[in-house]
Amino acid sequence: MNTKSLKGLIVRASDGELGTVEKLYFDDDTWGIRYLTVATGGWLGGREVLISPISITAADWQAQRLDVSLTMKQVEDSPAIDTHEPVSRQHEAAYLGYYGYPDYWGGPHIWGPSFYPAGLALPTGAAIQAVADRISKEPIDSHLRCTEALEGYSIDAVDGGIGHVCGFVFDDYAWAIRYVEVATKLWLPGKRVLFSPGWVQRVSWPESKFVVGLTREAIQEGPAYVESMPVTREYENQLYAHYGRPPYWLFEGDHRPAFSYDNV
């Protein structure tokens, strides 16, 4: 699913609507989507709040709605975070401690001990405070990036420029960014392509640039991406076979159901 489809989705708590999705934050180590920012509108005076994918219980793409296992009172009393400023590890410690969520960086997989947020075992009782105390001692740098801020970044292959970032495709089960969408209009007019974040050789945040370990020729001959079409497993197999790279699902085994990305 393209991340553009998330903007404006209604987020519904167990006892009412919280607001609408504004932005996505992911960490630049695993490319897991850690938070959605939600504009709450009038009921919280326009305050934006963070919602973790851990709390999402259902996604109705036809109704344009996400359901979360939270109450409006829980969200109202959650730690205030200025979503216009970088989200620090201290902010995350306060947030995760408040909701009793485990830290996602405390294990070998995208969601720490699990590949998917749905597979996390949430701490209870005294363990919640123990997790919060441990998280609060973490370094300040949280490695969080906003997807909107990366749009427009230039993309270089190993032998020259290929275009710029124009979007992202994410897995709505793992809540991870699986592909970066590239517009090649300055080089291959009209063609858009996808590459996996795992193929990135270098990122220059000061230069707003990604360098991927692919050649311009390989990209030119590679599968095109059409935003209005679903990214099926068949398409993914073609993509990884063309570039001679192992697909991510080989490393995640049978921990997830088969699915397709539906671009809304």
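Residues 956 to 1219 in our numbering are what the sequence shown spells out, letter by letter.
All C-beta atoms, glycine included, are put in the ideal place defined by N, C-alpha and C.
Computed from a prediction, not measured in an experiment: that's the story for all the values here.
In the three-state scheme derived from DSSP, where H, G and I count as helix and E and B as strand, valine 1042 is classed as coil. In this structure the stretch 1062-1080 does not touch the stretch 1019-1039; the number of beta carbon pairs closer than 8 angstroms is below three. Taken through DSSP and simplified to helix, strand or coil, valine 976 comes out as strand.
As the crow flies, the alpha-carbon of valine 1186 is around 14 angstroms from that of tyrosine 1128.
Around the beta carbon of arginine 1188, fewer than 16 other beta carbons sit within 10 angstroms, so the residue counts as exposed. Nearest Cα to tyrosine 1050 within the set Asp1022, Val1135 and Ile1009: Ile1009. Linking glutamate 1047 to histidine 1119 through their CA atoms gives a straight-line distance of about 30 angstroms. Selection Arg1100, Val1004, Val1137 and Leu1025 evaluated against alanine 1013 yields Leu1025 as nearest (Cα-Cα). Counting only runs of 3+ residues, the beta strand (DSSP E) found wholly inside the stretch 993-1078 occupies 1003-1006, 1011-1015 and 1020-1023, in chain order. Per DSSP, the continuous beta strand (DSSP E) segment holding alanine 1131 begins and ends at 1131-1138. By the Cβ-count criterion, tryptophan 1066 is buried, with 16 or more other Cβ atoms from all chains shown falling within 10 Å of its own Cβ. Judged by DSSP in its simplified three-state form, lysine 959 adopts helix. Secondary structure at leucine 1169: coil, using DSSP grouped into helix, strand and coil. No residue range can be given for histidine 1098, since it is assigned to no beta strand (DSSP E) and is classified by DSSP as neither H nor E. In summary, arginine 1157 is exposed, with fewer than 16 beta-carbon neighbours lying within 10 Å of its beta-carbon over all protein chains present. The C-alpha of tyrosine 1056 is placed about 14 angstroms away from the C-alpha of glutamine 1029.
In the structure shown, glycine 1118 falls within a strand segment according to DSSP collapsed to helix, strand and coil. One Cα belongs to glycine 996, the other to arginine 1002, and the distance between them is close to 7 angstroms.
Taking every protein chain shown into account, the CB of proline 1072 has 16 or more other CB atoms within 10 angstroms, so this residue is buried. In this model, leucine 1099 and tryptophan 1130 are separated by some 14 angstroms (Cα to Cα).
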